[in-house]
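Residue numbers (the working numbering): 5 to 80.
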């Protein structure tokens, strides 16, 4: 995917990294080649991707101007 940046702060960092590390989430976002719309929230998307180490993961992101804000993620 082409995003200019990934937005982190203490709120989404604490929540998103409960099951994956921030590094795994970032790798999955940068490695993603497509994303699916969230079925309930129009400003969010589901990314199915892999980390640099090959771990299959799912990451939910909020779409923000030219970037994404990770919400949560888990191993697929």
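Using N, Cα and C, we set each Cβ at its ideal position, and we do this for glycine too.
Small disclaimer: the values here were computed from a predicted structure and weren't measured.
In the DSSP assignment, residue 17 falls within the unbroken alpha helix (DSSP H) covering 14 to 20. Cβ-Cβ distances below 6 Å link residue 8 to 70, 71 in the same chain, with the five nearest sequence neighbours on each side left out; the list follows chain order. Residue 59 holds the alpha-carbon nearest to the alpha-carbon of residue 27 among 37, 80, 59, 67. Counting the other Cβ atoms within 10 Å of the Cβ of residue 74 gives 16 or more, which makes it buried.
About 6 Å separates the CB atoms of residue 51 and residue 32; that is less than 8 Å, so the two are in contact.
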